[in-house]
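> Supplied in structure tokens, the structure appears directly below.
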Amino acid sequence: MTIRYRFENSLYENVGDKGLKYDDILSYAKENLERHHKDLLEKRKNKTLGFFDLPYDKELVNKINELKKKYINIKNVVVIGIGGSSLGNITLNDAINGVYHNDRDTGLPKIYFADNVDPEKMAHLLEILDPKETVFNVITKSGSTAETMTNFMVLYDFLQENAPEKIKENLIITTDKENGNLVKIAAKLGLDTFVVPYNVGGRFSVLSSVGLVPAALTGVDIEKLLQGAADMDKICSVCDIEKNPAYMAALIHYLLYRDKDVNINVLMPYADNLASLSDWFRQLWAESLGKIDNKGKNVGITPAKSVGAIDQHSQVQLYIEGPFDKLITFIEVEKFRNTVKIPEVFTEIKGLNYLCGQTLDTLINNEKKATEIALTSENRPNTSIIVPVIDEYHVGQLFYMLEVMTAFAGELFNIDAFDQPGVEAGKVATYALMGREGYESKRKEIEKELKNKKQREM
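Here the working numbering = 1-based position in the sequence shown + 18.
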């Protein structure tokens, strides 16, 4: 079974003037789809967009499977990375192993994420780790990301002080093939090294060594994950708007933005194990599509995270009666891997007894349907991604569909969806403020600006 995309509640026939006419979608596709499709195919063919081909890297899978044998008795895995080097890993762990993975006695290694440079978080991580039983996977393509390298330096020192004999054995480097600081460090220390493909950006890298190494070490079946992505590739390679869910989803977002001023994209999974998918998707969508187009116009649809049924009690009020500026995309799980029956208690209370004997999975899916009905009745566009079950195969499909959707949306917006100049500007300012060699003039420039700026503080 494959994931499915339902979009009838984004159409005029169900939400009136706030929706799109289906004929208009088909008309736009008829005039433009083949051109955009060919552009993506050409970029794939000339190896500009490497994420398309990640599901087929058998050599990498074999290398990771050999690595797993080395760490068969390890107790902890620490992922040292930020953004695209971390968010996909968090999503994979939560989706497959569950949000309480570290608290369950599964026999699999626990996994921790050293992503932010928050001193409290790092101090607490150092308290709970036994370095002799912990694998540290450092992930940064450039080898110069300040947050990642700082956390690596702290954890390397921790390992050196407490288990120096384990440095070579318990460190894994995932970085560029030839360039960067980590390449030098890995060569000097003789560490296991995995390559981030030169043509795969961080936010598109979850199906590369970036996501696959930590996932495999914590029991995720990476071959099923990649098979799901490969099967979705077949579906998303079709130049037919009525058969390609990634293209249809991108086009609906684009036309609602262009014609209806819908500039907020809410992803709302009705499953806690998929909540972190929204975090991963926020980076994918925001860094890819928040750009200046080829006409010099600032464009972009703001991604927002929401989780059902939790946010029915915090955000849905805004979605239903606030501005008409949002497209809500639900993620519905058809069959949960576990079911919990609601017990036959308080049967004498009329306001509760209707729940008795039912199940939590029935309740959460009816909550989703109820929110969908409420939004649609108020002419609020919404769509749904239907996931048969949360497992490696279907999570692989999800990742791949959302990546192709984002890439195609970049074509629609006439932008480069694969650079991030705004992010780079912040990195340069950080280097300057922290005193990195070669950034002295930038630091003087920043200090001058700060000195001349009138402070307003209360």
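Glycine included, each C-beta is placed from N, C-alpha and C at the ideal position. All of these numbers come straight from a predicted model, not from anything done at the bench.
Rounded to whole angstroms, what's the CA-CA distance from E151 to I43? Just pull it up for me.
Indexing the sequence shown from 1 puts residue 151 at position 133. Indexing the sequence shown from 1 puts residue 43 at position 25. Those two C-alpha atoms are separated by around 55 Å.
> For S402, count neighbouring C-beta atoms within 10 Å of its own C-beta (all shown protein chains included) and say buried if the count is 16 or more, exposed if not.
Along the sequence shown, one-based indexing puts residue 402 at 384. Buried is the call here.
> Compute the Euclidean distance between the alpha carbons of S332 and A304, then round it to the nearest angstrom.
The residue given as residue 332 occupies position 314 in the sequence shown. The residue given as residue 304 occupies position 286 in the sequence shown. In a straight line, the C-alpha of S332 is about 23 Å away from that of A304.
> Going by alpha carbons, who is nearest to L416 out of A264, N180, G198, L207?
In the sequence shown, the residue the question calls residue 416 occupies position 398. The shortest Cα separation from L416 among A264, N180, G198, L207 belongs to A264.
> Considering only their Cβ atoms, is the gap separating R461 from L451 smaller than 8 Å?
As a first step, residue 451 is located in the sequence shown; it is residue number 433 there, counting from the start. As a first step, residue 461 is located in the sequence shown; it is residue number 443 there, counting from the start. Going by C-beta atoms, L451 is nearer than 8 Å to R461.
> Look up D279 in the DSSP assignment and say whether it is helix, strand or coil.
Looking up residue 279 in the sequence shown gives position 261. Residue state, collapsed to three classes: coil.
> Indicate the three-state DSSP secondary structure (helix, strand or coil) for K206 in the structure shown.
For this step, residue 206 is matched to residue 188 along the sequence shown. Reduced to three states, the DSSP call for K206 is helix.
> Nearest CA to the CA of N217: which residue from D437, K445, N281, D121?
Taking the sequence shown and counting its residues from 1, the one referred to as residue 217 is at position 199. Closest option to N217, Cα to Cα, is D437.
> Is V238 near V153, with beta carbons less than 8 Å apart?
If you number the sequence shown from 1, residue 238 lands on position 220. If you number the sequence shown from 1, residue 153 lands on position 135. No.
> So the beta strand (DSSP E) R122 belongs to, where does it begin and stop?
If you number the sequence shown from 1, residue 122 lands on position 104. From DSSP, R122 is part of no beta strand (DSSP E); its letter is neither H nor E.
> Taking only the alpha-carbon atoms, compute the straight-line gap between S255 and E458 and give it to the nearest angstrom.
Stepping through the sequence shown from its first residue, residue 255 is reached at position 237. Stepping through the sequence shown from its first residue, residue 458 is reached at position 440. C-alpha separation (whole angstroms): 48 Å.
> Should T193 and M286 be called a contact, given that it needs their Cβ atoms to be closer than 8 Å?
Locating residue 193 in the sequence shown gives position 175, counting from the first residue. Locating residue 286 in the sequence shown gives position 268, counting from the first residue. Taking 8 Å as the Cβ cut-off, T193 and M286 do not qualify as a contacting pair.
> What residues in its chain sit with their C-beta under 7 Å from that of N180, if we drop five residues either side in the sequence?
Taking the sequence shown and counting its residues from 1, one reaches residue 180 at position 162. Closer than 7 Å at Cβ, skipping near neighbours: P149.
> When DSSP labels each residue in this structure, what does K242 get in the three-state scheme?
By 1-based counting over the sequence shown, the position of residue 242 is 224. If DSSP states are grouped into helix, strand and coil, K242 belongs with the helices.
> Out of R122, I157, K471, which one is the CA nearest neighbour of S226?
Your numbering for residue 226 matches position 208 in the sequence shown. If we check each option's Cα against that of S226, I157 comes out closest.
> Mapping DSSP to helix, strand and coil, what is Y449?
In the sequence shown, residue 449 corresponds to position 431, counting from 1. Reduced to three states, the DSSP call for Y449 is helix.
> Indicate whether the contact test is met: 3 or more Cβ pairs, each with one atom in the stretch 268-279 and one in the stretch 80-92, closer than 8 Å.
Verdict: no, contact absent.
> For D41, count neighbouring C-beta atoms within 10 Å of its own C-beta (all shown protein chains included) and say buried if the count is 16 or more, exposed if not.
Taking the sequence shown and counting its residues from 1, the one referred to as residue 41 is at position 23. Flag for D41 reads exposed.
> Using the beta-carbon count (16 or more within 10 Å), is M171 buried or exposed?
The sequence position of residue 171 within the sequence shown is 153, counting from 1. Under this definition M171 is an exposed residue.
> Quick one: give me the first and last residue of the alpha helix (DSSP H) that T168 is part of.
As a position in the sequence shown, residue 168 is number 150, starting the count at 1. Element bounds for T168: 164-180.
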